[in-house]
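Contents: one structure, followed by commentary.
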Amino acid sequence: MTERPQGPRSLPITLAAVIVASLFTLAPGSTRPAVAAHPEAAPPSLASPATVVGPSAVTPGSVNRTSVNLNASYAVTLALRYGSRAFSVDSTATITNTSGASIDRIELNTIAARLGGMTLRYVQVDGVNVARRVKDQTIIVPLGGILAAGATVKVRVKYHATLRSSLAGSNWLFTKVNGIVDAYRWIPWVSRETPFSRPNHGDPFVTPVSPLVQLRIVTDRTLRFAINANRMSVSANGLTQTFEARNVRDVTITAAPDFRTRTTYVGKIQVRYFYRSGSNAATILDAAADAIRAYQARVGPYPYTTFKVAQSAGGYGMESPGMIWIPYGHGSANLRYLVSHEAAHQWFYSLVGNDQARQPFADEATADFLAREITRTRRGSRCSTGLLDRSIYSYSSACYYEIVYIQGGNLLNEARRRMGSTAFWAALRKYVAAHRFGLTGTSTLLRTLDNSTSVDLSKLFRPRFPKYY
Ligand SMILES: [Zn+2]
């Protein structure tokens, strides 16, 4: 990292508050208004320079504790230069400590720290600079004291980064290639320290849901965005657009000057494909609609009003809440399967969250099981039988997919065979409903299945999940 070290709090809180308050007095227009209720209303001025007024809820002391169980809303401004790939973010998270106990630091994840050459301009807690630390993809934010259960703090992060220009390694997650901007996990998001480097293409993320994300995106030329948020306004010159998302684990950006769209419906759910290259567009849209329809019948209602499929810059298929990426240039082989797999993550990852890095079975085995179920592509594994309770860091590149996805999906299918389809699907529906917008994991999934049948599934699960049995 190239960031400059900073000292601890540079101003006493009360003095900072006075200064901030006077800024508000001088520039009342910079305060954050309620979000425009109608798209034609004036764009809200998000993440205004002054982010807090009044005393901080942080009190002296330390507890050496953080949590992912925090209620965090984000107001974010992104300045994106399409030509130079410059990517500047000013994000204010309003965080209420809902963890039930005191915390004294917050851990924010962003892959801009690993892929974007991120330079932190500053990190502020209630308007005061703090001595943050960047470790891997995590910005560790000391609160400078204790935030009691139920108390609220504002954490503002301002960074500059540059999108990559290739698809190599993990670059496809934060890049501009083939005329398309991809930005995954770019908002510094409440999470826990999680290593980004892994020997495979597992998802190194832990992703609690935010009730509200407000975005203002300013671009140097008009861009069409495929983003898992609703557009609320656009400026007359087309260069400033605002968006809002509710109950999402992330907000992902895909953008191109010339995205075209194709739309269909599943009931009242709008399914829309954004693309530059239109080959396979009909197949992709059809597969997406079929998948949503099929999964709703099996595991419960899709939670949003739109489902977006975006042609990404390239790389791999990827899931976001309410949106998936299908990589540019992906041929017709396996296309229905790929769309179906990513769509299945709308239930397993998006609706029911898990620690994707440490318990990939919970989202990948379930998603692959569903995809191969509806596309009738179940098959045997090309790797020898492995444990299914490991983190993504423990599987080789050659066998991660074959063990966690294929063997994991086949294990779920065997559970279904033993307990019967009716009981099996009822158990999955129960699991989804019980953990809707929450964070749970493999152990809960297995126990929900086992508790939903008189058949003893522990005999099936124990050898593959020694960590949990
Ligand atoms: Zn997946």
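Under my numbering, the sequence shown has 150 at position 122, and the numbering climbs by one with no breaks. Using N, Cα and C, we set each Cβ at its ideal position, and we do this for glycine too. On a predicted model such as this, the values are computed, not experimentally measured, just so you know.
Residue side-chain check: residue 212 keeps its Cβ at 8 Å or more from all non-hydrogen atoms of ligand 1. In the same chain as residue 278, and ignoring 5 residues on each side of it, the C-beta atoms closer than 7 Å to its own belong to 213, 217, 235, 348, 349, in chain order. Straight-line spacing of the CA atoms in residue 447 and residue 479 works out to 11 Å.
Between the segment 295-308 and the segment 324-339, the count of C-beta pairs closer than 8 Å reaches three or more; the two stretches touch.
Remark: the C-beta of residue 347 is in contact range of ligand 1, defined as less than 8 Å to any heavy atom. Exclusion of the five residues before and after residue 106 leaves 117, 245 as the residues of its chain whose Cβ lies within less than 6 Å of its Cβ.
Annotation: residue 228 is outside any alpha helix (DSSP H) and is labelled neither H nor E by DSSP. Along the segment 411-459, the alpha helix (DSSP H) occurs as fully enclosed runs of 4 or more residues at 436-447, listed in sequence order.
Here the segment 159-175 does not lie against the segment 199-207, with fewer than 3 beta-carbon pairs under 8 Å apart.
Taking C-beta atoms as the reference points, residue 496 and residue 383 fail to come closer than 9 Å. Counting C-beta atoms within 10 angstroms of its own C-beta, residue 256 has 16 or more neighbours from the protein chains shown and is therefore classed as buried.
A direct Cα-Cα distance of roughly 6 Å separates residue 232 from residue 224.
In the DSSP assignment, residue 210 forms a beta bridge with 203, 282. Here residue 221 is exposed. Its C-beta has fewer than 16 other C-beta atoms within 10 Å. At a Cβ-Cβ threshold of 9 Å, residue 114 and residue 188 count as neighbours. Contact annotation: residue 437 and residue 493 have beta-carbon atoms that are not nearer than 9 Å. Looking from the CA of residue 465, the closest CA among 366, 240, 282 belongs to 240.
Separation of residue 91 and residue 328 (C-alpha to C-alpha, rounded to the nearest whole angstrom) is 41 Å. Going by C-alpha positions, residue 486 is about 21 Å away from residue 412. Assignment of residue 312 by DSSP, reduced to helix, strand and coil, places it in the helix class.
Looking at the DSSP output, residue 384 shares a beta bridge with no other residue. The count of Cβ pairs closer than 8 Å, one atom from the segment 176-196 and one from the segment 313-321, stays below three, leaving the stretches out of contact. Rounded to whole angstroms, residue 431 and residue 274 show a C-alpha spacing of 34 Å. The beta carbon of residue 402 sits closer than 8 Å to those of 318, 319, 322, 323, 368, all from its chain and outside the five residues before and after it, given in chain order.
Closest in C-alpha terms to residue 174, from the list 400, 88, 406, 357, comes 88. Remark: the C-beta of residue 395 is in contact range of ligand 1, defined as less than 8 Å to any heavy atom. The shortest C-alpha to C-alpha distance from residue 186 to any of 461, 248, 121 is the one to 121. Distance from the C-beta of residue 391 to the nearest heavy atom of ligand 1 is below 8 Å. In this model, residue 405 and residue 393 are separated by some 14 Å (Cα to Cα). Runs of beta strand (DSSP E) with 3 or more residues, each lying fully within the segment 151-206, are found at 161-163, 166-175, 180-190, 202-205, listed in chain order. Look at residue 472 here: in three-state DSSP terms it is helix. Within the DSSP bridge table, the entry for residue 137 names 166, 217 as partners. Checking the DSSP bridge columns, you'll see residue 106 partnered with 117, 245. At a Cβ-Cβ threshold of 9 Å, residue 86 and residue 171 count as neighbours.
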